[in-house]
Ligand SMILES: Cc1cc2nc3c(=O)[nH]c(=O)nc-3n(C[C@H](O)[C@H](O)[C@H](O)COP(=O)(O)OP(=O)(O)OC[C@H]3O[C@@H](n4cnc5c(N)ncnc54)[C@H](O)[C@@H]3O)c2cc1C
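Numbering (the UniProt record's numbering), first residue to last: 1 to 404.
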């Protein structure tokens, strides 16, 4: 009998396994994938994620993965260009964008080193339950062998299509459509040194983000509206390149750069918040809440959820961890709504309203206000703090330093 069995061993699952094992709990973490392996995803870790990893003593290990430390960012918002550095998170000024095959397997190795039992190549397809609660999971090895793990708590860290969520009957608390399609590829020969984001609204409705990653490469992800996909799906490559061409600031920088031929992407990027705790089970990371990647929050959120659940479990004594799961879910739900809404708004790829355009223009000459604006994505300033009318009013009057 384990204290906790975790299904899914990437950002959310490996992080939770690490934190619980370090606290002396018995933990098994299972994944159908083998590691190291890539997954369909970008990999930009905002300052809040880097700060969280630093808090776990993993800052040097993260840097040693070899992706460059990224300072500052550029946002081209329908032609209004903002360049600056986000407000630091707990002193952390840098973001990193390590390839997933490096990051995920490194984090999982940290969990293993802390004492978690890691089982890869295992597909979970059932829950062990009694009349009252979930008691464990059933899986299949690659050779078809049936395997069981009993646990005081089963955690689904198994991504947006979560099997644990489906089998446990987790309800949707909030559901929005998939607004955008996302495709990415890797480029050589670009020297950005920071993340660059390009937004073109009405009439064009395109988004692109470029971020330097390992081995001198730059990942460039582009997005177009869901409703245009039917028309574009016959020539994804052409649509990807046409999107970049529609963003002149970025397209000019690609002159002389070469692209890896492979294009990867997701047509459907649904936005939802799921019930994430029930008798004997909990959900973390994308399994519990999934958002369009336009704000690149998913990996940071996965690490946050892992820490929140680990903290709640640490505070709970006794055999039944349901209270811990509920405490975690309540704490998570208190924090996620504003960024969920903000992400859904941006994912619609429409032009910013005139007030936002005016605000962006005002911030061009106000580095402190801009640092706080970029801090919304980086995790140092919350959405409600930044979009507080008093703050916006102060920026429009050129006096943002007055607002805490
Ligand atoms: C195009 C795109 C770009 C993105 N860019 C970024 C970015 O730049 N920054 C960022 O922070 N986020 C980004 N994201 C989001 C990010 O990918 C996710 O939020 C993040 O991977 C969530 O981590 P997770 O551990 O919750 O789930 P996942 O990374 O999805 O891991 C789930 C794991 O569970 C395993 N699993 C699933 N089902 C089972 C089963 N039945 N049995 C056993 N194992 C199972 C899977 O094999 C997988 O390894 C992007 C997403 C997309 C689609």
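Positions of the beta carbon are idealized from the N, C-alpha and C atoms, including for glycine.
Practice prompt. Quick one: using the 10 Å Cβ neighbour count with 16 as the cut-off for buried, is residue 330 buried or exposed?
Written response: Residue 330 counts as exposed, since fewer than 16 other beta carbons sit within 10 angstroms of its beta carbon.
Discussion item. Taking the straight line between their C-alpha atoms, what separation do you get for residue 222 and residue 365?
Written reply: Rounded to whole angstroms, residue 222 to residue 365 spans 28 Å at the Cα level.
Discussion item. Could you check whether the segment 149-160 touches the segment 239-255, counting it as contact only if at least three pairs of C-beta atoms, one from each stretch, sit closer than 8 Å?
Written reply: No, because fewer than three Cβ pairs between the segment 149-160 and the segment 239-255 fall closer than 8 Å, the two stretches do not touch.
Fill in: Reference residue 325; option with closest CA among 308, 340, 336 and 341
Nearest option by C-alpha distance: 308.
Discussion item. According to DSSP, is residue 354 part of a helix, a strand, or is it coil?
Written reply: In the three-state scheme derived from DSSP, where H, G and I count as helix and E and B as strand, residue 354 is classed as helix.
Worksheet item: Should residue 289 be counted as a contact of ligand 3 given a C-beta to heavy atom distance under 7 Å?
Response: Questions concerning ligand 3 fall outside what the structure shown contains, since the ligands it does hold are ligand 1.
Worksheet item: Does the beta-carbon of residue 268 have 16 or more other beta-carbons within 10 angstroms, so that it is buried, or is it exposed?
Response: Around the Cβ of residue 268, a 10 Å sphere holds fewer than 16 other Cβ atoms; the residue is exposed.
Fill in: Three-pair Cβ contact test at 8 Å for the segment 331-343 versus the segment 3-21
Two segments are said to touch when three or more pairs of C-beta atoms, one from each, lie closer than 8 Å; by this definition the segment 331-343 does not touch the segment 3-21.
Worksheet item: How would you label residue 21, buried or exposed, when you count the other beta carbons within 10 angstroms and need 16 or more for buried?
Response: Residue burial is scored here from C-beta neighbours: residue 21 has at least 16 other C-beta atoms within 10 angstroms and is therefore classed as buried.
Worksheet item: Where do the N-terminal and C-terminal ends of the alpha helix (DSSP H) with residue 406 fall, by residue?
Response: The structure shown does not extend to residue 406, since the chain is modelled only from 1 through 404, so no value can be given for it.
Worksheet entry | Opening and closing residue of the alpha helix (DSSP H) in which residue 335 lies | Going by DSSP, residue 335 is part of the alpha helix (DSSP H) stretching over 322-347.
Worksheet item: The alpha helix (DSSP H) with residue 180 in it runs from where to where?
Response: Premise fails: residue 180 lies in the beta strand (DSSP E), 180-188, not in any alpha helix (DSSP H).
Discussion item. Let me check understanding here. Comparing Cα to Cα, which of 347, 304, 298 and 332 lies closest to residue 42?
Written reply: Ranking the options by Cα distance to residue 42, first place goes to 298.
Worksheet item: Under a Cβ-count criterion, where at least 16 other Cβ atoms within 10 Å of its own Cβ denotes burial, should residue 353 be classed as buried or exposed?
Response: Exposed is the call here.
Discussion item. Quick check on the DSSP output: what are the complete beta strand (DSSP E) runs of length 3 or more inside the segment 264-310, in order along the chain?
Written reply: Listed in chain order, the beta strand (DSSP E) runs fully inside the segment 264-310 are 264-266, 271-274 and 281-283, counting runs of at least 3 residues.
Practice prompt. Confirm, please, whether the CB-CB distance from residue 370 to residue 396 is below 8 Å.
Written response: With respect to residue 370, residue 396 sits apart: the two C-beta atoms are not nearer than 8 Å.
Worksheet entry | Distance, residue 348 Cα to residue 208 Cα | Between the alpha carbons of residue 208 and residue 348 lies a distance of about 13 Å.
Discussion item. Let's test the definition: count the other Cβ atoms within 10 Å of the Cβ of residue 377 and tell me whether it reaches 16, buried, or not, exposed.
Written reply: Label assigned to residue 377: buried.
Worksheet entry | Contact test: residue 47 Cβ vs ligand 1 heavy atom, cutoff 7 Å | Exclusion of residue 47 from the 7 Å shell around ligand 1 follows from its C-beta lying no nearer than that to any non-hydrogen atom of the ligand.
Discussion item. Determine whether the beta carbon atoms of residue 263 and residue 198 lie at a separation below 8 Å.
Written reply: Contact: no.
Worksheet item: Between the C-alpha atoms of residue 55 and residue 97, what's the straight-line distance to the nearest angstrom?
Response: Distance between the alpha carbons of residue 55 and residue 97 is about 18 Å.
Worksheet entry | Rounded C-alpha distance that separates residue 276 from residue 328 | Approximately 9 Å between the Cα atoms of the pair.
Practice prompt. Say whether the segment 44-55 touches the segment 84-98, bearing in mind that this needs 3 or more beta-carbon pairs closer than 8 Å, one atom from each stretch.
Written response: Touching, per the Cβ criterion.
Practice prompt. For residue 73, count neighbouring Cβ atoms within 10 angstroms of its own Cβ and tell me buried if that reaches 16, exposed if not.
Written response: Residue 73 comes out buried.
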